[in-house]
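In our numbering, the protein residues as written are 6 to 795.
Think of the CB as a built atom: it goes at the ideal place given N, C-alpha and C, for glycine as much as any other residue.
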Amino acid sequence: MDIYSLKNVTKILAYSCRLRFPKYPSYYFPFYMLIIYNHTRKLKQMFKLVAIPDAAIAKFCSGHGLAFCDDVNNSIVVSKTYLDECKVTENFVRIRRRFAYIIGANIKAGEAVVSDTFRNNLNLDSTKLEFVNSNCIPILSEINLSVINTYHDLSNSLVESLVKNYFKTPKILHTNDVICVDFRKYAPEFYFTSHKFMGLKNVYFKCNKLYVKQNSVTCGLCMLSKTDIKQSANVQSFVAPVFKSITCDFTNCEDYDESLIDCCPYGLKIYMDKLERSIKPFLKKNTIQLKPTFLVQGSKGSGKTLMIASLASKLGLHLYEANSGDLTAPVYAQTETKIRNLFFKARLCTPCVLLIKHFENFSKNNEGVHDERIISFFKTEIESLFELNSYPLILICVSNSKEVPVQLSRDFLEVFEVSTPGTQQRYENLAWILRLQNLKHEVHLENVAEKTHGFLFEDLRALTFFAQKCCLDEKREVLVHADFDNALDLMQSKYSQSLGAPKIPKVQWSDVGGLTEVKHEIIRTINLPLQHPDLLRNTGLKRSGILLYGPPGTGKTLIAKAVATECNLCFLSVKGPELLNMYVGQSEQNVREVFERAREASPCIIFFDELDSLAPNRGISGDSGGVMDRVVSQLLAEMDGLNQSATIFIIGATNRPDLIDPALLRPGRFDKLLYVGPCTDLDSKISVLKALTRKFKLDRSVNLEDVVKICPKNITGADFYGLCSVAWLSCVRKLIEKTSPENLTSNNVIVTMDDFKTALKDLKPSIKPEDLAYFQNLQKQYTSEYKIKK
């Protein structure tokens, strides 16, 4: 365009501006056009769709306070600033031939927050919003709905109540949409009165057809007073995938990013991802003739069911849970009928995940033995379970143990094992639990994770519950380390009733007096594999066991606990006799469980006290069934495969090493024998007495060296403990005679030299001279290479 033409266009625009705006100068026109352009650009802004759970959108809708405020399935939340700038007077927008209700809130600009169901119906990642008048939305005269099949038996009266309550307020509908209806909100009379609907959160409908005066339309507004609602036969359909769930305190809707959390715990995601990769090929048409059957194994409380439920939600599949106990009956024919009915209902609920829990008990009869007929029938039914299904069906069986018959396990396409979580996984699970419950804390979760060796997901959830309880008892709102320590002590005291409960004891080196060379030898044996694991891994040479032997009361058990505490290792104390059981094979099973617990709590120390009672010489035990011989053989087998998959140390303690089976004392098992005898020199005895009296209040007249000198020669650590205990009690008795017991505290107890002398009167050494000579001969026999002078 030349200059002459440009001047003519300018004159024409100026003349048009004088005609359109006679009251304003002509140069206002460009600014007016700029304002119109910005307004038009904002109206055509592209929004990124962000999907959040339906319950979270319901929070936005309930706070809006206008009509259609409970239409979760067709509501869009955008920035309130954007609506103010656009000067929006209507509450409806159009998105590609469909309508939706719009809400303003204090959220990020450029984002449009919708429910998971609406996002799935739209099938878009981003969209433009076109504001429309309410008169543009046609009012429907008739709608046709179908219930999407679920494993719950929904009666006609329940469905009618749901539909009637849901459409009390006008709702926007679109053909082929999936409609999510909150069961608790819209059918409370059924939710709170019937236990068979436990676990049912939402009921899904499929919108089939919409009519306006007998003309078919794709979108419209349903008003209960003007719209006829008809129901067709139930259908099968996918539901909206759900990736996030809301936390316990979802009050500030604007901070929806911080109030949402992944459905699956962080520490279990690695297992969910493996299972998802195996399932995804079966969600499409299965061209390979393989059956999607999977077995998930793991200890009870490891979070298997929660992980599978999260995966089903992520894939948009229904979850049909069944218990193996519900499939068994006293009569074989009834068991067949229950299995057949289960599979029939699962096929009606497709696409779904059929979850059978406690599968280790499946096919067991009244005598606890696996019935071959039930196994054979189950395998036959599986063959027909996956035939002619319009939608995918995934069978997942969950077992709390590995005791699944081979005939059943071979029919699974893949077996997954949820192992005991490590330190990092425990940390991630704790972070997930605290965030889900919205608990404020000032705790280093890494330290808590290091102290909870062997804790499963449900154990960590219980730990958090007890810590929260301790916090509430102290009338605090923020969790601290002391709450978790108290909860951990409480749980470990409860776990101590079970066999082999791993925990970290609280015994410091300051509690152990003397025995300097023994302590140094043990630490050198244990710390080297912990500090340099790569060096020893390449050589394949590992020290596995230490045997402490000596007279009773010399501190063998105390040393083992102190080593576990100082090295920050899990400690598993096992008394020999408690592993023995009257039933055949149960004693060997107890031994296997102890080592299995140790592997789960790795790195760990297993301490076998009174080892001579657990592993006597084979062939001379004298029991008719040969139980002790089998226990010793099982113990040898477990020790040979000890450090293949975990870092485990074994410390044994005994008073009679000559009674232990010689096979245990060879290199590679208990390959280091350390003699722990009574302290003989003055310095060692003084150190023992200092360790025992470090929490005492001693009088200035007390000289521990003088106390040691007047003690007998063959005194042991246990004898010193008895001496200090009697001296302290003697001091307390004197105070009670002089002062009222109500006014006494521990600070008033000051032990004097006279109290020690009084205690020495009744003190008798627990080791006789002939016993000491016997143990010294054993020391020469067993520790010729590692002779330690006391």
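Reduced DSSP secondary structure (H/G/I, E/B, other) of residue i
i	result
SER160	coil
TYR779	helix
ASN491	helix
SER578	strand
LYS384	helix
LEU205	coil
CYS476	helix
CYS729	helix
GLU790	Confidence at GLU790 is low in this model, with a pLDDT of 42, below 50, so its placement is unreliable and the value that follows should be read with caution. Of the three classes helix, strand and coil, the one that applies to GLU790 here is coil, per DSSP.
LYS785	helix
THR750	coil
GLN302	strand
PHE73	Because the pLDDT of PHE73 is 49, which lies under 50, any placement of that residue in the model is unreliable, and the number read from its coordinates should be weighed accordingly. Here PHE73 sits in coil by DSSP.
LEU504	Residue placement at LEU504 cannot be trusted, given a pLDDT of 44 that sits under 50; what the coordinates show is reported in the next sentence. Residue state, collapsed to three classes: coil.
GLN430	helix
LEU441	helix
TYR191	helix
TYR261	coil
PRO717	coil
GLY373	coil
LYS16	helix
CYS736	helix
LEU619	helix
ALA327	strand
GLN591	helix
THR132	strand
LYS795	With a pLDDT of only 37 at LYS795, under the threshold of 50, the placement of this residue in the model should not be trusted, and no figure is reported.
CYS269	coil
Contact under 9 Å by Cβ, residue i with residue j
i	j	result
VAL453	VAL485	no
PHE65	ALA105	no
PRO297	ILE361	no
VAL693	PHE761	no
ALA620	LEU640	yes
ILE528	GLU571	yes
GLU696	LEU728	Per the sequence shown, residue 696 should be read as Ala rather than Glu. No, the Cβ-Cβ distance between ALA696 and LEU728 is not below 9 Å.
ILE177	LEU134	no
VAL409	PHE364	yes
GLU5	GLY272	Here the chain comprises residues numbered 6 to 795, so residue 5 is not present and cannot be evaluated.
VAL186	TYR209	yes
LEU768	VAL737	no
LYS566	VAL512	yes
Residue of the options minimising C-alpha distance to residue i
i	options	result
THR180	ASN207, PHE123, ASP158 and MET587	PHE123
ALA192	SER160, CYS212 and LYS214	SER160
SER689	MET587, THR521 and PHE489	THR521
THR652	LEU664, ASN660, PRO608 and GLY682	PRO608
ASN434	GLY306, ASN586, ASP711 and THR750	GLY306
GLN241	HIS157, ILE81, ALA317 and LEU353	LEU353
VAL523	VAL713, HIS323 and LEU552	LEU552
LEU205	LEU324, TYR554 and VAL82	LEU324
ASP59	VAL168, ARG99 and VAL183	VAL183
GLU116	THR132, ASN128 and ASN126	THR132
ASN128	LYS169, ALA56, THR174 and THR86	ALA56
ASP158	PRO143, SER139, LEU322 and HIS200	HIS200
ILE611	ASP617, VAL599 and SER166	VAL599
PHE243	ASP634, ASP121 and ALA569	ASP121
For residue i, the first and last residue of its enclosing beta strand (DSSP E)
i	result
TYR396	TYR396 -> no beta strand (DSSP E), and no H or E assigned at all.
ARG99	97–99
GLU116	116–120
LEU178	176–179
SER250	249–251
First through last residue of the alpha helix (DSSP H) which encompasses residue i
i	result
ASP416	ASP416 -> no alpha helix (DSSP H), and no H or E assigned at all.
ASP711	709–714
ASN452	450–456
Check your understanding: Do the region 408–423 and the region 365–382 make contact, defined as three or more Cβ pairs closer than 8 Å?
Key -> Contact holds: three or more Cβ-Cβ distances are below 8 Å.
Check your understanding: Do three or more CB pairs link the region 589–603 to the region 713–727 at distances below 8 Å?
Key -> The region 589–603 is not in contact with the region 713–727.
Practice item. Decide yes or no for the touch test of the region 675–684 against the region 772–785: beta carbon pairs closer than 8 Å, at least 3 of them. Key: With the cut-off at 8 Å, the region 675–684 and the region 772–785 touch.
Practice item. Please determine if the region 224–243 and the region 132–149 are in contact, where contact requires at least 3 C-beta pairs separated by less than 8 Å. Key: Yes, the region 224–243 is in contact with the region 132–149.
Point to revise | Inter-stretch contact at 8 Å, needing at least 3 Cβ pairs: the region 449–468 / the region 321–335 | key: Three or more Cβ pairs closer than 8 Å define a contact, and the region 449–468 falls short of that threshold against the region 321–335.
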